[in-house]
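Enquirer:
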Amino acid sequence: MLSYVHPVRIGFGDCDPAGIVYYPNFFRWFDDAVHAMFFSIGESHDRSREQDLIVWPLADAGASFRAPARYNECIEIHSRVESFTAKTFRVAHRAMRGDTLLAEGWEVRFIGEPHPDDPKRMRAIPLPESLRRLFDDTAAPSAQP
Numbered sequence: 004m005l006s007y008v009h010p011v012r013i014g015f016g017d018c019d020p021a022g023i024v025y026y027p028n029f030f031r032w033f034d035d036a037v038h039a040m041f042f043s044i045g046e047s048h049d050r051s052r053e054q055d056l057i058v059w060p061l062a063d064a065g066a067s068f069r070a071p072a073r074y075n076e077c078i079e080i081h082s083r084v085e086s087f088t089a090k091t092f093r094v095a096h097r098a099m100r101g102d103t104l105l106a107e108g109w110e111v112r113f114i115g116e117p118h119p120d121d122p123k124r125m126r127a128i129p130l131p132e133s134l135r136r137l138f139d140d141t142a143a144p145s146a147q148p
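Numbering (my numbering), first residue to last: 4 to 148.
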């Protein structure tokens, strides 16, 4: 399945008063990793917008936190498309500092289009076969720090 390693350097603003990463930042980094993963294989928002598609919105997400991360540490977000259905795909994330697991999370995403009855809403569409093939057997290149 499609996978990617996304490097992150923790900034001062990423931390809470206790000096550890404030938990919502992991979700931001998970999201960044998904977009970088797709960009690395040539799938971009710009191309999808040309087709009036809304790409990769979240339907569900969750995380568990295992160890603290601190200011100025370099960590990696290991992201992998672990499964897909007709209209959704699930991405698993592991935030790592070396061999230490900091957090693990998951997201369920889809590709949407404007709803025909109300263009302010969207609806999920079947995943394109080209994307399903990429999910099946692709390792995206890792980002360089």
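Even for Gly, the Cβ is constructed at its ideal location relative to N, Cα and C. In this text, all values refer to a predicted model and were calculated from it rather than measured experimentally.
(1) Looking at the strands, I want to know which residues DSSP matches up with A95.
(2) Could you spell out where the alpha helix (DSSP H) holding V24 opens and where it closes?
(3) If you draw a straight line from the C-alpha of I13 to the C-alpha of C77, how long is it?
(4) Please report the residue range of the alpha helix (DSSP H) in which R135 lies.
(5) Skipping 5 residues on each side, what residues in its chain have a beta carbon closer than 6 Å to that of V84?
(6) Answer with buried or exposed for A70, where buried requires no fewer than 16 other C-beta atoms within 10 angstroms of its C-beta.
(7) Report the CB separation of A64 from F30 in whole angstroms; it is logged as a contact under 8 Å.
(8) Should G152 go down as buried or exposed, given a rule of 16 or more other Cβ atoms within 10 Å for buried?
(9) Exposed or buried, which one is G16 when buried takes at least 16 other CB atoms within 10 Å?
Expert: Let me lay it out:
(1) R83 and W109
(2) First-last for V24: undefined, no H or E at that position.
(3) 6 Å
(4) E132 to D139
(5) M4, L5, F92, V94 and F138
(6) exposed
(7) 7 Å
(8) Only positions 4 to 148 of the chain appear in the structure, and residue 152 is not among them; the question remains open.
(9) exposed
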